[in-house]
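Participant:
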Amino acid sequence: MEVNSGAGGVSVPVAVVACIAMAIFYVAILYSPTLILRLPPPDSFKSFMIRRFVCAGISTVVSLLVCAFILPLKSWRMPYLFSAYGIRLHHMWEAVIFPLFLTSLMYTGSFVLKIFSIWSSWAEHGDLPIDLSLHGLKSVIQNLINWMLSLVYNISAWRMYIVGPLTEELVFRACMISLLLCGGFKPYTVILLSLSLNHLLSPTCNDSSLLKASMVAGFQLGYTMIFGSYASFLFVRTAHITAPLVSHMFCNFMGLPAFFSPRTGLVSVGFVAGAISFVYLLFPLTSPALYNDRTDDCKCWQIYCVWS
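In this note's numbering, the protein residues as written are 102 to 409.
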């Protein structure tokens with residue numbers, strides 16, 4: 102593990118200990134209401150999730166503050182502070198569109214499967230499953246609005262698409278990567294280190310079969326490690342928290358990519374084609390020059406930073 106001790110103004114032991122503490126605290130605080138504060142169990146799933154949202158929010162704010170004290174910030178003024186965490190408005194559209202398109206390539210098989218399902222329904226019933234008339238268009242828009250409104254009142258959707266991705270990316274990417282790189286770790290070492298440790302420390306399955314539980318846990322762990330590394334790669338390359346954040350939300354929405362279907366071999370063809378395109382475009386679409394304006398005289402981890 103190659104490091105340049107204190108190259109960015111943070112000692113290696115401080116950076117490592119702080120990151121481990123943040124990861125443990127992020128997970129441990131979720132259990133604090135009942136185990137430490139001795140609060141009564143929540144009376145509903147919604148109350149349970151809201152309690153967890155509050156805990157995750159507290160741990161995120163604490164991590165951001167601790168990180169701000171440790172990092173060699175030029176100033177605690179908001180522009181400097183936000184920039185240290187990759188929170189910025191400039192180059193926002195690039196940070197949304199390019200990573201989202203790149204991530205979607207891994208779901209080419211899923212898109213092919215969806216199109217095949219629509220086509221099969223059309224062939225079976227003899228007409229399009231989607232009404233292309235003006236009335237049909239209005240119906241589609243209305244259904245989309247109703248679906249979006251249903252998500253607003255769906256507590257699980259808030260966890261999957263808002264609270265979970267936002268707090269995890271701020272803690273495990275914005276805070277931890279900043280500390281590790283300022284401590285002198287090489288970028289690719291950081292990408293391997295800064296995985297979503299909260300998934301490793303929390304139970305993934307309650308199945309009674311030990312073998313099945315181990316297989317499920319192992320699969321989830323593997324997927325989490327791959328995505329954690331990818332999200333870290335996005336943050337290191339772009340220095341923009343929006344890039345891993347939108348990718349995280351998109352992956353949570355899509356679930357696991359479809360790479361095989363007994364209904365058609367086109368799903369596997371689409372998955373392979375998407376994977377090849379993903380690898381080919383990975384570095385061009387995450388080029389730092391697409392997300393930043395300058396490349397000179399930066400003394401901290403981001404080559405294009407503005408706070409030191």
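Note that beta-carbon positions come from the ideal geometry of N, C-alpha and C, so glycine has one too.
Would you kindly report the start and end of the unbroken alpha helix (DSSP H) that includes Asn194?
Facilitator: Walking along the sequence shown from the start, residue 194 turns up at place 93. Looking at the sequence itself, residue 194 is Trp, so the reference to Asn does not match. From DSSP, the alpha helix (DSSP H) with Trp194 extends over Met193 to Ser205.
Participant: Quick check on Phe286: does DSSP put it in helix, strand or coil?
Facilitator: Here residue 286 refers to the residue found at position 185 of the sequence shown. Taken through DSSP and simplified to helix, strand or coil, Phe286 comes out as strand.
Participant: In the DSSP assignment, find the alpha helix (DSSP H) that holds Lys415 and state where it starts and stops.
Facilitator: Absent from the model: residue 415. The displayed extent of the chain is 102 to 409, so no value can be given.
Participant: Looking at C-beta atoms only, is the number of pairs between the segment 160-180 and the segment 191-199 that lie closer than 8 Å three or more?
Facilitator: no
Participant: For the segment 325-333 against the segment 173-184, do three or more pairs of beta-carbon atoms, one drawn from each stretch, fall closer than 8 Å, so that the two count as touching?
Facilitator: no
Participant: CA-CA distance, Lys287 and Leu245?
Facilitator: Mapped onto the sequence shown, residue 287 falls at position 186. Mapped onto the sequence shown, residue 245 falls at position 144. C-alpha separation (whole angstroms): 45 Å.
Participant: CA-CA distance, Ser145 and Ile151?
Facilitator: Taking the sequence shown and counting its residues from 1, the one referred to as residue 145 is at position 44. Taking the sequence shown and counting its residues from 1, the one referred to as residue 151 is at position 50. Taking the straight line joining both Cα atoms gives about 10 Å.
Participant: Under 8 Å Cβ to Cβ from Phe48, same chain only, skipping five residues before and after it: list those, please.
Facilitator: The displayed coordinates of the chain run from 102 to 409. Any statement about residue 48 would go beyond what the structure contains.
Participant: Within the segment 323-371, note down every full alpha helix (DSSP H) run reaching 4 residues or more, in order along the chain.
Facilitator: 343-355
Participant: Using the rule of at least 16 other Cβ atoms within 10 Å of the residue's Cβ for burial, across every protein chain shown, is Thr135 buried or exposed?
Facilitator: Against the sequence shown, residue 135 aligns to sequence position 34. Note on Thr135: under 16 other CB atoms within 10 angstroms of its CB, so exposed under the neighbour-count rule.
Participant: With a cut-off of 8 Å on the beta carbons, I'd call Phe379 and Met207 a contact; round off their distance for me.
Facilitator: Position 278 of the sequence shown holds residue 379. Position 106 of the sequence shown holds residue 207. About 5 Å separates the two Cβ atoms, so the contact holds.
Participant: Thr365: which of Ser211, Phe202, Ser205 and Ser148 sits nearest, CA to CA?
Facilitator: By one-based count along the sequence shown, residue 365 stands at place 264. With distances taken between Cα atoms, Thr365 lies closest to Ser211.
Participant: Assuming Ala196 contacts His341 under a Cβ cut-off of 8 Å, what Cβ separation, rounded to an integer in Å, is found between them?
Facilitator: By 1-based counting over the sequence shown, the position of residue 196 is 95. By 1-based counting over the sequence shown, the position of residue 341 is 240. About 4 Å separates the two Cβ atoms, so the contact holds.
Participant: Which class does Ile188 belong to by DSSP, given the choice of helix, strand or coil?
Facilitator: Within the sequence shown, numbered from 1, the residue matching residue 188 stands at position 87. The answer is coil: DSSP assigns Ile188 none of H, G, I, E or B.
Participant: Are Val272 and Ser160 touching if we call contact CB-CB under 8 Å?
Facilitator: Here residue 272 corresponds to residue number 171 of the sequence shown, with the count starting at 1. Here residue 160 corresponds to residue number 59 of the sequence shown, with the count starting at 1. The answer is yes: Cβ separation under 8 Å.
Participant: Return the Cβ separation of Thr209 and Gly375 in integer angstroms, given the expectation that the two are a contact with Cβ distance under 8 Å.
Facilitator: Translated into positions along the sequence shown, residue 209 becomes position 108. Translated into positions along the sequence shown, residue 375 becomes position 274. Contact flag correct, Cβ pair sits at about 3 Å.
Participant: Among the residues of its own chain, which have a CB less than 7 Å from the CB of Thr204, if the five just before and after it don't count?
Facilitator: Translated into positions along the sequence shown, residue 204 becomes position 103. Correct list, in chain order: Ser348, Phe351 and Cys352.
Participant: Less than 8 Å between CB atoms is the rule here; does Ser251 satisfy it with respect to chain D?
Facilitator: Within the model displayed, chain D is absent; a lone protein chain is all it includes.
Participant: Determine, using beta carbons only, whether Gly187 and Phe336 come nearer to each other than 8 Å.
Facilitator: Counted from its first residue, the sequence shown places residue 187 at position 86. Counted from its first residue, the sequence shown places residue 336 at position 235. The answer is yes: Cβ separation under 8 Å.
Participant: Put Lys175 into one of helix, strand or coil per three-state DSSP.
Facilitator: In the sequence shown, residue 175 corresponds to position 74, counting from 1. Looking at Lys175 - three-state DSSP - the assignment turns out to be coil, as it is neither helix nor strand.
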